[in-house]
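Step one of this worksheet: look at the structure below.
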Amino acid sequence: MLLLNTEDARAAAQRRLPRIFFDYIDGAASTEATARANEADFARWRLEQRVMTGAPKPNLATTFLGETHGLPFMLGPVGFLGLYRGNGEVQAARAAAAAGVPFCLSSFSIASINRVAREAPGRNMFQLYVLTDRALGAEMLAAARQAGVETIFLTVDCAITGIRERDVRNGFRSLTSLTPSLLARLARKPGWCLDMLRHGKPRVEALATHPEFGNSVLAQAAALSSRIDQSLSWDDLAWVRENWPGKLVVKGLLCADDARRAADAGVSAIVISNHGGRQLDGASSTIDRLPEIAAAAHGLELLIDSGFRRGADIVKALALGASGVLLGRAYAYALAANGGTGVNQIISALKAEIEIALALMGCPDIPTLRADGARYVRPA
Ligand SMILES: Cc1cc2nc3c(=O)[nH]c(=O)nc-3n(C[C@H](O)[C@H](O)[C@H](O)COP(=O)(O)O)c2cc1C
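Numbering-wise, my numbering puts 312 at position 316 of the sequence shown, and it's gapless, one number per residue.
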């Protein structure tokens, strides 16, 4: 299967996945305006074409989160990868490791962090929500530590879930078991059904010792979501610190004041994110807010996600102050469409686009792009 870009992957994912899962990946909050803005607002910036620079073939290696990686992006946390493709978390993590980039496992995953570490050794990271059930949160962090994880992402923009109308219509969160109507809808995608049957009934492995969460993945998903602590505050970072001695990245900030607050709290880095437009519909795109956050947050490392579909999008974010980019839907579509091979294909496509863009701008490497961003990227 030829996946030249994220649009190819999205179309192929739509063909293969039951609608309830495609819509869960593709959909966003309410009118989905923020999700559209995330992609559209990259057009507010232009790359600077330069010729006859004699620059060598660009080198894409770069440092973020304290380590040097092969590419300036990583695979961010996306829930339930194992529902889009059998053993999806492991397949995605293997693709990341092969490309020399980190993979961050969502705490809402089919595979446990232990399985990912065992079957896909690489730079694996773990994402956590603050749960009302603090003991379960501590258990997840302990499992991550045992699996050799050094960096966690604490997601803070999801204490209350946005209204995702496609999910409401499809019953994504309200269904807790396989109803006849859902079974009939799933059966329309036999390729997906066979893949799931081959890999056994999907269950959230991290909840294997917690029967109180139910015995179907739908019940587990609903029960986990209902335990996200809606009263999350900055004070909760103290709890995380007590339970996590490693690097702490706070994910889901969108304004300069919050970034300053995170810097004061001494976190390792933040992810500028609006959760791919899945939370506050009407919020700014992340690329729109990156320059002001970069100006305000001296010394704080900035990662970014939401809406990244093309290599040029990544180039723009690096020039505007980000040290690295997290992919979300871009790789989730590819995984659904073509498994780990699909993720490899999308990583390669983005890599080629970044390489060509840098070459056509006469930029030799990512550190130069980041240090001299205004030379390479300009307002439209
Ligand atoms: C299907 C799906 C599930 C997600 N699950 C999680 C999650 O479990 N934890 C988390 O921190 N972010 C989650 N996110 C948000 C992503 O980490 C990321 O912020 C977002 O996808 C970026 O937007 P993009 O998909 O437009 O690139 C999810 C996103 C999608 C699309």
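Here a beta-carbon is modelled for each residue, glycine too, at the ideal position from N, C-alpha and C.
Original post:
By Cβ distance below 8 Å, which residues in the same chain neighbour Ser269 in space, the five residues on each side in sequence not counted?
Top reply: In the sequence shown, the residue the question calls residue 269 occupies position 273. If we look at Ser269 and ignore the five residues flanking it on each side, its Cβ neighbours are Asp153, Lys247, Gly248, Leu249, Leu250, Thr282, Ile300, Asp301, Ser302, Leu322.
Original post:
Where DSSP assigns a beta bridge to Asn55, which residues make up the other side?
Top reply: Within the sequence shown, numbered from 1, the residue matching residue 55 stands at position 59. For Asn55, which the question treats as bridged, DSSP gives the partners Asp361.
Original post:
Cβ atoms of Lys243 and Thr147: under 7 Å apart, would you say?
Top reply: Taking the first residue of the sequence shown as 1, we reach residue 147 at position 151. Taking the first residue of the sequence shown as 1, we reach residue 243 at position 247. Their beta carbons are under 7 Å apart, which means Thr147 touches Lys243 by this criterion.
Original post:
Going along the chain, which residues of its own chain have a beta-carbon closer than 8 Å to the beta-carbon of Arg42, five neighbours each way excluded?
Top reply: Walking along the sequence shown from the start, residue 42 turns up at place 46. Same-chain partners within the cutoff: Val373, Arg374, Pro375, Ala376.
Original post:
Using 8 Å as the threshold, is the segment 32 to 40 in touch with the segment 350 to 369, meaning 3 or more CB pairs across them?
Top reply: no
Original post:
Which whole runs of the alpha helix (DSSP H) in the segment 63 to 151 are 4 residues long or more, in chain order?
Top reply: 77 to 80, 84 to 95, 109 to 115, 130 to 142
**OP:** Evaluate Asn120 with the Cβ neighbour count: other Cβ atoms within 10 Å of its Cβ, from every protein chain shown; 16 or more gives buried, anything less gives exposed.
**Re:** Within the sequence shown, the letter at position 124 stands for residue 120. Label assigned to Asn120: buried.
Original post:
So the beta strand (DSSP E) Ile300 belongs to, where does it begin and stop?
Top reply: In the sequence shown, residue 300 corresponds to position 304, counting from 1. It spans 297 to 300 - the beta strand (DSSP E) in which Ile300 sits, taken as one unbroken run.
Original post:
Does the beta carbon of Ile384 fall short of 6 Å from some heavy atom of ligand 1?
Top reply: The chain is shown only over -3 to 376; residue 384 falls outside these bounds and no answer can be derived.
Subject >> Cβ contact check for the segment 97 to 107 and the segment 70 to 86: 3 or more pairs under 8 Å >> reply: yes
**OP:** Pull up the distance between the alpha-carbon of Asp19 and that of Val164, whole angstroms please.
**Re:** Working through the sequence shown from its first residue, we reach residue 19 at position 23. Working through the sequence shown from its first residue, we reach residue 164 at position 168. Approximately 10 Å, taken between the alpha carbons.
**OP:** Take every Cβ of the segment 211 to 218, pair it with every Cβ of the segment 257 to 273, and state whether three or more of those distances are shorter than 8 Å.
**Re:** no
Original post:
What residue ranges within the segment 206 to 236 form continuous alpha helix (DSSP H) runs of no fewer than 4 residues, ordered along the chain?
Top reply: 213 to 222
Subject >> Opening and closing residue of the alpha helix (DSSP H) in which Val164 lies >> reply: For this step, residue 164 is matched to residue 168 along the sequence shown. From DSSP, the alpha helix (DSSP H) with Val164 extends over 161 to 166.
Original post:
What first and last residue would you give for the beta strand (DSSP E) that runs through Gly320?
Top reply: Counting from one through the sequence shown, the residue named residue 320 turns up at place 324. 320 to 323 is the span of the beta strand (DSSP E), which, as asked, contains Gly320.
Original post:
Leaving out the 5 sequence neighbours to the left and right, which residues in its chain are closer than 6 Å to Ser344 when beta-carbon positions are compared?
Top reply: Looking up residue 344 in the sequence shown gives position 348. Excluding positions up to five away in sequence, the list is empty.
Original post:
CA-CA distance, Ala318 and His206?
Top reply: To locate residue 318, count along the sequence shown from 1; it is residue 322. To locate residue 206, count along the sequence shown from 1; it is residue 210. Approximately 39 Å between the Cα atoms of the pair.
**OP:** Could you check the C-alpha separation between Glu115 and Pro98 for me, to the nearest Å?
**Re:** The sequence position of residue 115 within the sequence shown is 119, counting from 1. The sequence position of residue 98 within the sequence shown is 102, counting from 1. Spanning the two alpha carbons is a distance of roughly 15 Å.
Subject >> Touching by the beta-carbon criterion (3+ pairs, under 8 Å), the segment 169 to 183 and the segment 130 to 137 >> reply: no
Original post:
Is the CB-CB distance between Ala67 and Lys347 below 7 Å?
Top reply: Against the sequence shown, residue 67 aligns to sequence position 71. Against the sequence shown, residue 347 aligns to sequence position 351. Before going further, note that residue 67 is Leu rather than Ala in the sequence given. Yes. Within cutoff.
**OP:** Take the Cβ of Ser227 as the centre, count every other Cβ of all protein chains shown within 10 Å, and call the residue buried at 16 or more, exposed below.
**Re:** In the sequence shown, the residue the question calls residue 227 occupies position 231. Ser227 should be labelled exposed.
Original post:
With respect to the beta strand (DSSP E) encompassing Lys185, which residues constitute its N-terminal and C-terminal limits?
Top reply: Residue 185 sits at position 189 when you count from the first residue of the sequence shown. Premise fails: Lys185 is in no beta strand (DSSP E) and is neither H nor E.
Original post:
Does the Cβ of Phe122 lie closer than 6 Å to at least one heavy atom of ligand 1?
Top reply: Translated into positions along the sequence shown, residue 122 becomes position 126. No, the Cβ of Phe122 stays beyond 6 Å of every heavy atom of ligand 1.
**OP:** For Gly272, verify whether its CB is less than 6 Å away from any heavy atom of ligand 1.
**Re:** Walking along the sequence shown from the start, residue 272 turns up at place 276. Flag set: Cβ of Gly272 near ligand 1.
Original post:
Can you round the beta-carbon distance between Lys377 and Arg12 to whole angstroms, since I take them to be within the 8 Å contact cut?
Top reply: Residue 377 cannot be examined here, being either before or after the span of the chain that is shown, -3 to 376.
Subject >> Cross-strand partners of Leu43 (DSSP beta bridge) >> reply: Counting from one through the sequence shown, the residue named residue 43 turns up at place 47. Partner(s): Val373.
Subject >> Between the CA atoms of Ala113 and Gly23 - distance to the nearest angstrom >> reply: Residue numbering aside, residue 23 sits at position 27 when the sequence shown is read from its first letter. Residue numbering aside, residue 113 sits at position 117 when the sequence shown is read from its first letter. The alpha-carbon atoms of Gly23 and Ala113 are separated by roughly 30 Å.
Original post:
Does DSSP put Phe60 in a helix, in a strand, or in coil?
Top reply: Taking the sequence shown and counting its residues from 1, one reaches residue 60 at position 64. In the structure shown, Phe60 sits in a strand (DSSP, three-state: E or B).
Subject >> Ser280: CB within 6 Å of a non-hydrogen atom of ligand 1 >> reply: Against the sequence shown, residue 280 aligns to sequence position 284. Checking every heavy atom of ligand 1 against the Cβ of Ser280, none is found closer than 6 Å.
Original post:
Comparing the C-beta of Ala313 with each C-beta of chain E, is any distance below 7 Å?
Top reply: In the displayed structure, chain E is absent; only one protein chain is listed.
**OP:** Might you give, ordered along the chain, the residues of its own chain that have their beta carbon closer than 7 Å to the beta carbon of Gln275, omitting 5 neighbours on each side?
**Re:** For the purposes of this step, residue 275 is identified with residue 279 of the sequence shown, where counting begins at 1. Result list for Gln275: Ala25, Asp153, Cys154, Gly158, in chain order.
Original post:
Is it buried or exposed for His294, if we count other Cβ within 10 angstroms and need 16 for buried?
Top reply: Taking the first residue of the sequence shown as 1, we reach residue 294 at position 298. It is exposed - the Cβ of His294 has fewer than 16 other Cβ atoms within 10 Å.
Subject >> Reduced DSSP secondary structure (H/G/I, E/B, other) of Ile268 >> reply: The residue you call residue 268 lines up with position 272 of the sequence shown. Correct three-state label for Ile268: strand.
**OP:** State buried or exposed for Thr27, treating a residue as buried only when at least 16 other CB atoms are found within 10 Å of its CB.
**Re:** In the sequence shown, counting from the first residue as 1, residue 27 sits at position 31. The residue is exposed, with fewer than 16 neighbouring Cβ atoms inside 10 Å.
**OP:** Excluding the 5 residues preceding and the 5 following Cys189 in the sequence, name in chain order all residues of the same chain whose CB lies nearer than 7 Å to its CB.
**Re:** For the purposes of this step, residue 189 is taken as residue 193 along the sequence shown, with counting starting at 1. Leu182, Ala183, listed in sequence order.
Original post:
In chain order, what residues of the same chain lie with their CB nearer than 6 Å to the CB of Arg223, ignoring the 5 residues before and after it?
Top reply: Your numbering for residue 223 matches position 227 in the sequence shown. Here the set comprises Leu127, Thr128, Asp129.
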